[in-house]
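Beneath this line is the structure, given in C-alpha cells, with notes to follow.
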Amino acid sequence: MTFEAYHQYFESIIQKSPEQQTAPYNNPDYFDYTKLNWSRMNRWLKTGKITDAMTEAIKAIDSPQQWIIITEPWCGDAAHSVPFLEMISRLNPLLTVSYELRDSEPFRINNYLTNGGKSIPKLVIRDDKGKDLATWGPRPAACQEIYSRLTAEKADFEKVKTELQLWYNADKGLGVQEELTALLLNINRAAAPATLQPAE
C-alpha cells in the first residue's frame, strides 16, 4: 500500500469504537498505545527535519530503487522512524515506496527477522530488478542498546516503553538518518563502476 493508504488505515483504527475493534486493537492497552503512536507519527511528519547529509545521500541515488517498509500502527518504534523514512523517500522521484503490515499477507517479515524475531519497522531496499541491496531496522543502534540492556535486566514493559520514548524524543530522528545515510553511501559506492588505474 502507499503511505496515504497506510495513514488512512491507521486513522480508521483510531476512529473505531471499542466494540468495533478487532485484535489486537480490541485490547484497551494496545488501542491506547496506538492512539499515542498516531499523535507521534503525525507530529514528526510536521516537525521532523531532514539533515543535509541525508538529503545529499538520497539525491545521489541515480537509478530506480524500491523501498518496502514493514510496519504496524501499534508499533512504538515505527511511530518514530516511519515518518522520517517517508519524508526521506520523497526527496528522490526514483524511489518507489510500498508499505506492508507485519501481521498480514504477504508476511514478508518472515524473510527479514531480527535475532529470530519479527521486529519492526523494517526497511527493505531493492534495485529495480527486485534484488535486495540493504535492510534497516527495527531501531537505531543507540536505541537498540537501551532496549537490549533493559531486556537483559528484565525491566517491565512500562519502563522499556518510557525509556525508549525519551530517547526518541531527544534524538529527533537523527539516529535513523545517520544510519540510513551510511547505508545509502555504501550502496552507491558498490554500484559505482570500478575506475581503471593508468599504467605506469
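For the sequence shown, the working numbering assigns the number 2 to the initial residue and increments by one for each residue that follows.
Every residue, glycine too, gets a C-beta built ideally from N, C-alpha and C.
As the structure is a computational prediction, the values presented were derived from the model and not from experiment.
8 Å Cβ shell around residue i - same chain, five flanking residues per side excluded
i, result
"A195", "Low confidence applies here, because A195 scores a pLDDT of 48, under 50, leaving its location unreliable; read the following figure in that light. Around A195: no qualifying Cβ."
"N189", "A58, A61, I62"
"L175", "T52"
"S161", "Per the sequence presented here, residue 161 reads as Val, with Ser not at that position. Cβ within range, chain order: Y148, L151, T152."
Option in the options with minimal Cα separation from residue i
i, options, result
"E146", "H8, D33, G49, Y169", "Y169"
"L186", "M55, P65, L175", "M55"
"L1", "G118, F11, K155, C144", "Since the first residue shown for the chain is 2 and the last is 201, residue 1 is missing from the structure and cannot be characterised."
"Y31", "R127, E159, K173", "E159"
"A24", "S105, F85, L86, Q166", "S105"
"R103", "N93, S90, V125", "V125"
Contact belief for residue i with residue j at Cβ below 8 Å, rounded distance in angstroms
i, j, result
"W75", "Y100", "About 15 Å; that fails the 8 Å criterion."
"L46", "Q66", "With 8 Å as the limit, L46 and Q66 do not qualify as a contact, their Cβ atoms being about 22 Å apart."
"C144", "L165", "6 Å"
"D129", "S64", "7 Å"
7 Å Cβ shell around residue i - same chain, five flanking residues per side excluded
i, result
"P122", "I70, I71, T72, C76, D78, A79, S82, V83, G138, P139"
"R41", "A80, H81"
"L197", "At L197, the pLDDT of 44 sits below 50, so the modelled position is not reliable; the number obtained from the coordinates is stated separately. So no residue of the chain qualifies."
Bridge partners - residue i, DSSP secondary structure assignment
i, result
"T97", "Q67"
"L124", "I70, W137"
"T115", "G118"
"L165", "Paired residue(s): none; L165 is not in a bridge."
"L102", "T72"
Same chain, Cβ closer than 6 Å to residue i, neighbours up to 5 away in sequence not counted
i, result
"Y7", "Y100"
- Take every Cβ of the stretch 108 to 125, pair it with every Cβ of the stretch 71 to 87, and state whether three or more of those distances are shorter than 8 Å. The answer is yes - the stretch 71 to 87 touches the stretch 108 to 125, with three or more Cβ pairs under 8 Å.
- Do the stretch 180 to 188 and the stretch 125 to 145 touch if we need at least three Cβ pairs shorter than 8 Å? By the Cβ rule, the stretch 180 to 188 counts as touching the stretch 125 to 145, because three or more pairs are nearer than 8 Å.
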